[in-house]
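In the numbering used here, the protein residues as written are 58 to 286.
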């Protein structure tokens with residue numbers, strides 16, 4: 058299955074119609090609230106009423122966004138990386154010398170994974186229903202408001218940097234999909250894991266990524282210059 062994480066999806070859902078500034082603001086607040094309270098918890102605290110109710114509310118908010126976006130259930134498969142990273146973080150926390158099972162370290166990993174999944178799900182559906190241009194315009198609107206209090210902020214133009222970073226995420230997955238398909242078309246099934254093939258695959262991938270990043274950066278810079286004139 059080809060990955061298209063955070064890629065914009067055209068549609069006419071309820072979430073598509075909500076202003077981008079409102080969606081990004083909600084995502085920002087949801088992320089802060091989800092991760093508030095610290096990461097270090099004991100095994101008993103993990104199942105306390107306070108944490109369970111808080112995370113349940115955050116998950117319900119993300120799930121509501123998912124339904125409002127009109128996304129299909131199989132799109133959740135694109136978030137498998139959350140559990141891979143969460144499992145790795147948990148494993149690292151569990152490594153002790155001498156080896157023993159630390160429940161508090163396990164609680165840390167579970168809490169990290171749950172929070173990561175909640176915020177990733179919300180980010181996925183929001184960026185799926187918000188075009189790159191809408192994201193940049195929303196960030197520029199916030200930047201213009203802040204620049205009234207802090208004038209140098211407009212010269213630094215963080216909105217450009219942030220929007221470029223956000224919009225480049227789906228570009229990474231799209232480029233990888235193209236390189237992967239090209240490798241499959243040109244190599245035999247048993248030889249695609251050979252060292253020289255893997256080296257060529259990753260070198261091609263990074264070359265394409267650097268080229269696309271520079272092209273996108275110049276395009277956004279030119280657009281910003283035109284809008285400021």
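Backbone N, C-alpha and C define an ideal beta-carbon position, used for all residues, glycine too. Just so you know, these numbers come straight off a predicted model, no measurement behind them.
Cβ shell of residue i (< 8 Å), same chain only, five flanking positions each side left out
i: residue 289; result: The chain is shown only over 58 to 286; residue 289 falls outside these bounds and no answer can be derived.
i: residue 158; result: 151
i: residue 78; result: 195, 198 and 199
Beta-carbon proximity list for residue i, same chain, < 7 Å, skipping 5 on both sides
i: residue 136; result: 174, 177, 178 and 181
i: residue 266; result: 229 and 232
Reduced DSSP secondary structure (H/G/I, E/B, other) of residue i
i: residue 128; result: coil
i: residue 69; result: coil
i: residue 64; result: coil
i: residue 158; result: coil
i: residue 261; result: helix
i: residue 202; result: helix
i: residue 269; result: helix
Through-space distance from residue j to residue i, alpha-carbon basis
i: residue 76; j: residue 195; result: 9 Å
i: residue 235; j: residue 108; result: 42 Å
i: residue 218; j: residue 84; result: 18 Å
i: residue 125; j: residue 200; result: 28 Å
i: residue 190; j: residue 128; result: 21 Å
i: residue 270; j: residue 279; result: 14 Å
i: residue 72; j: residue 197; result: 21 Å
Beta-carbon proximity check, residue i vs residue j, cutoff 8 Å
i: residue 169; j: residue 97; result: no
i: residue 148; j: residue 163; result: no
i: residue 185; j: residue 65; result: yes
Residues near residue i by beta carbon distance below 6 Å, same chain, minus five either side
i: residue 62; result: 135 and 230
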